[in-house]
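The number in our numbering is simply the position in the sequence shown, starting from 1, with 2 added.
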Amino acid sequence: METALRELHEEAGIEEVEIDKVFCHKEKYFTDFPDGRKLKQVTYFIGNVLSPEVTVDQNEVVDSKWLVPKEALEQLTYDSTKDTLLVVLKHKNLL
3 METALRELHE EAGIEEVEID KVFCHKEKYF TDFPDGRKLK QVTYFIGNVL SPEVTVDQNE
63 VVDSKWLVPK EALEQLTYDS TKDTLLVVLK HKNLL
């Protein structure tokens, strides 16, 4: 979780967030690298941001915006990412 909080600060300038200590979702998949396919594991956490101000690191992030869940589902392109958001929405009783 420390790494996630550090990345949130470095890439979006978000420092104050209350992490949901119950929710943790993991996803594994293979991705191609110049030296071959490798297994990648991503761990998702959710939380409440205490300040909506975002200052993105333009070397890491192309764009950012706050969306309501329906808009977020429409913007996502990968089924696995949509599935992850649906897991979050179910956890938060928003479905």
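Ideal placement from N, C-alpha and C gives every residue a C-beta, glycine not left out.
Contact check, residue i vs residue j, beta carbons under 8 Å
| i | j | result |
| --- | --- | --- |
| V51 | I16 | yes |
| H93 | F25 | yes |
Which listed residue (the options) has its alpha carbon closest to that of residue i
| i | options | result |
| --- | --- | --- |
| D85 | T5, N95, E29 | E29 |
| V58 | K72, H11, L7 | H11 |
| E62 | H27, L75, Q43, E9 | E9 |
| L96 | P71, L75, G49, Y80 | P71 |
| S53 | V64, D37, L75, W68 | W68 |
| M3 | G49, G38, V89 | G49 |
| E55 | E18, L7, T5 | E18 |
| V89 | H27, E76, D37, D34 | H27 |
First through last residue of the beta strand (DSSP E) which encompasses residue i
| i | result |
| --- | --- |
| E20 | 19 to 21 |
| L104 | Residue 104 lies beyond the residue range present for the chain, which begins at 3 and ends at 97; the question has no answer from this structure. |
8 Å contact criterion, which residue i and residue j should meet: CB distance rounded
| i | j | result |
| --- | --- | --- |
| S66 | A14 | 7 Å |
| F32 | K40 | 7 Å |
| L87 | L78 | 7 Å |
Cross-strand partners of residue i (DSSP beta bridge)
| i | result |
| --- | --- |
| G49 | I21 |
Range of the contiguous alpha helix (DSSP H) that encloses residue i
| i | result |
| --- | --- |
| E29 | Run containing E29: none in the alpha helix (DSSP H); it sits in the beta strand (DSSP E), 27 to 35. |
| T79 | It is not in any alpha helix (DSSP H) - T79 carries neither H nor E in the DSSP assignment. |
| L7 | 4 to 14 |
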